[in-house]
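Shown next, in structure tokens, is the structure this report addresses.
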Amino acid sequence: MQDDGYFDADVAATYDTVHGREDAAALGRLQALAAGGAALEFAIGTGRVALPLQEAGTPVAGIELSQSMVDELRRKETKAPIDVVVGDMTTAKVPGAFSLVFLIYNTIDNLTTQDAQIACFQNAFDHLQPGGCFVVETLVPPLQRLPFGETLLANARSDAHWGMDEFDVVTQSYASHHMHRDGAGYQPLSIPFRYAWPAEMDVMAKMAGFQCEARWADWEMSAFTATSPSHVSVWRKP
2 MQDDGYFDAD
12 VAATYDTVHG
22 REDAAALGRL
32 QALAAGGAAL
42 EFAIGTGRVA
52 LPLQEAGTPV
62 AGIELSQSMV
72 DELRRKETKA
82 PIDVVVGDMT
92 TAKVPGAFSL
102 VFLIYNTIDN
112 LTTQDAQIAC
122 FQNAFDHLQP
132 GGCFVVETLV
142 PPLQRLPFGE
152 TLLANARSDA
162 HWGMDEFDVV
172 TQSYASHHMH
182 RDGAGYQPLS
192 IPFRYAWPAE
202 MDVMAKMAGF
212 QCEARWADWE
222 MSAFTATSPS
232 HVSVWRKP
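Read in order, the letters of the sequence shown correspond to residues 2 to 239 in the numbering used here.
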């Protein structure tokens with residue numbers, strides 16, 4: 002039986018409600034980077050990005066670890082099914098060559114070791130045709146917001162949801178702890194991650210054979226600065 006990890010049927014059923022649709026700027030930028038070719042999304046999830054991207058005219062395939070997330074994608078499809086391989090984005094293969102591979106919404110942090118993140122870059126490189134590009138959107142580690150020696154950083158506080166991230170600067174690991182209201186009580190959830198600095202990702206990309214092409218603070222292509230909370234990075238296969 003497929004292990005859905007932290008993204009089980011309950012998470013899949015509410016994922017789009019919690020995270021919403023991807024914005025128009027992201028979809029437009031991905032379509033432009035695909036340049037008329039096919040795109041492959043690592044961690045395609047419920048298809049909240051892939052489905053509107055395909056509807057806009059870019060053929061899309063995907064890799065996804067959670068069968069429950071893929072099932073939710075299937076419930077949303079109204080046209081020909083997207084080709085999705087259920088498996089690990091560090092090793093799973095999708096037939097064909099793509100002009101774009103993309104991994105967005107901090108999902109690279111779900112790979113909790115440096116070796117796994119390196120393998121992800123290599124897998125993206127192997128799926129791309131010459132001249133294709135790999136795009137990653139993720140956070141910049143928010144360590145500037147931590148007082149010296151502190152490890153905890155609140156990320157959500159409401160009657161329905163409390164959230165806190167716990168950082169280990171030695172291992173570059175962090176855990177995202179959440180309490181969600183469930184009826185009269187709260188349900189706990191903790192998910193492990195690994196953060197990587199943009200410069201570290203550039204090294205991973207270089208190891209795979211990529212050339213760094215661009216880095217923006219957001220999908221509107223704003224300048225990336227020392228205080229940008231996130232980045233959209235583009236690496237090109239020669």
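Ideal Cβ placement from N, Cα and C applies to all residues, glycine included. Please read these numbers as outputs of a predicted model, since none were measured by experiment.
- C-alpha of I119 to C-alpha of L112: approximately 10 angstroms in a straight line.
- Three or more Cβ pairs closer than 8 angstroms define a contact, and the region 148-157 meets that threshold against the region 165-179.
- Between the region 100-110 and the region 68-81 there are fewer than three C-beta pairs closer than 8 angstroms, too few to call the two in contact.
- Sequence-distant partners of F168 (beyond 5 residues in either direction) whose C-beta falls short of 6 angstroms from its own C-beta, in its chain, are T152 and Y175.
- Note that the region 181-190 does not touch the region 203-223; fewer than 3 beta-carbon pairs, one per stretch, sit closer than 8 angstroms.
- Taken in chain order, the whole beta strand (DSSP E) runs of length 3 or more contained in the region 168-212 are 174-183 and 186-195.
- Annotated three-state conformation of M90 is coil, per DSSP.
- Between the region 214-227 and the region 121-130 there are fewer than three C-beta pairs closer than 8 angstroms, too few to call the two in contact.
- The region 133-151 and the region 74-86 do not touch, with fewer than three beta-carbon pairs separated by less than 8 angstroms.
- Taking the CA atoms as reference points, P96 sits about 38 angstroms from T226.
- Contact check for L28 against A57 passes: the beta carbons are separated by less than 8 angstroms.
- Under the DSSP definition of a beta bridge, G63 partners with E42 and V85.
- In its chain, beyond the 5 residues on either side, W163 and G164 have a beta carbon closer than 7 angstroms to the beta carbon of A157.
- From the listed residues D5, A200, Q123 and T114, the smallest Cα separation to T172 is found for T114.
- In this structure, D89 lies away from R195, with their beta-carbon atoms at least 8 angstroms apart.
- Sequence-distant Cβ neighbours of A161 in its own chain, meaning closer than 6 angstroms and more than five residues away, are R182.
- Following the DSSP letters along the chain, one finds Q145 in no beta strand (DSSP E), marked with neither H nor E.
- In the DSSP assignment, S100 falls within the unbroken beta strand (DSSP E) covering F99 to L104.
- Scanning its chain for C-beta atoms nearer than 7 angstroms, with the 5 sequence neighbours on each side dropped, one finds around R146 the residues L154, in chain order.
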